[in-house]
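Residue numbers (this note's numbering): 793 to 981. Everything below concerns the one structure shown next.
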Amino acid sequence: MARDRSVGRVEVVIAAVTMAGVVLFGVLEALIVAVALSVLDTVRRSAQPHDAVLGWVERLGRYANVELHPSATVTPGVVVYRLDDRLFFANARYVKGRIREAVRGAPERVRWLVFDADAMTHIDATGVQALEDLDRLLARDGITLLLARMKGPLEARLEGTSFGASMGPERRFPTVRAAVEYCVAEPGP
793 MARDRSVGRV
803 EVVIAAVTMA
813 GVVLFGVLEA
823 LIVAVALSVL
833 DTVRRSAQPH
843 DAVLGWVERL
853 GRYANVELHP
863 SATVTPGVVV
873 YRLDDRLFFA
883 NARYVKGRIR
893 EAVRGAPERV
903 RWLVFDADAM
913 THIDATGVQA
923 LEDLDRLLAR
933 DGITLLLARM
943 KGPLEARLEG
953 TSFGASMGPE
963 RRFPTVRAAV
973 EYCVAEPGP
């Protein structure tokens, strides 16, 4: 029974609706409803994905969520943001808003935004447009967008876009640490 506590409320509701559907309408109809409810739940969760502002945690030897690691060191003038999901039509506006919040909430004037793309599994045309819009908005405020830890498929997807062309190799980094070191070494925009 202890393992049932890890099941979320939504999953319990979907299971209950499915069970009631089997009793009232039959297995096939209940299965169709369960699949539809599961798809809607996935879109709902993806519309507000998990994300984090990152800071350097010495004892871990890596960048980590500043909310979970109070000892995390944030580099002045740099916001490191990680999206833990795909960037697509259902969450593009939300992600842009979260990034703007992170920039506004920084303790010092921000000159660099490092977008940690390691956990970003997919991007659609709306997501690409969101990044392009974000790049333009940040540049207007004197902030340079850098990409870090972008996986091959994501990089390939961006290659054929105007945003990908504007994000040349000088704005892409293999690690967050390399991107932040670049920010510290450069005088800034």
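In this text, a Cβ means the ideal position worked out from N, Cα and C, and glycines have one as well.
Opening and closing residue of the alpha helix (DSSP H) in which residue i lies
i, result
"Asp833", "819-839"
"Gly897", "Unbroken run through Gly897: none, as it is neither H nor E."
"Val802", "801-816"
"Asp925", "917-932"
"Gly952", "Careful: Gly952 lies outside any alpha helix (DSSP H) and carries neither H nor E."
"Ala1000", "One cannot answer for residue 1000 here, as it falls past the ends of the chain, which runs 793 to 981."
Per-residue DSSP class, three states only, for residue i
i, result
"Ala940", "strand"
"Val902", "coil"
"Met793", "Confidence in Met793 is poor, its pLDDT being 38 and thus under 50, which makes the residue's placement too unreliable to answer from."
Contact check, residue i vs residue j, beta carbons under 8 Å
i, j, result
"Arg949", "Asp908", "no"
"Asp876", "Asp843", "yes"
"Leu829", "Ile806", "yes"
"Gly869", "Val895", "no"
"Leu905", "Ile891", "yes"
"Val976", "Thr953", "no"
Beta strand (DSSP E) runs contained entirely in the segment 835-877, provided each spans 3 or more residues: 843-849, 854-857, 870-875
Would you call the segment 807-821 and the segment 833-852 touching, i.e. three or more CB-CB distances under 8 Å? no
Closer than 8 Å is the cut-off here; do at least three beta carbon pairs connect the segment 965-973 with the segment 937-954? Taking 8 Å as the limit for Cβ pairs, the verdict is that the segment 937-954 does touch the segment 965-973.
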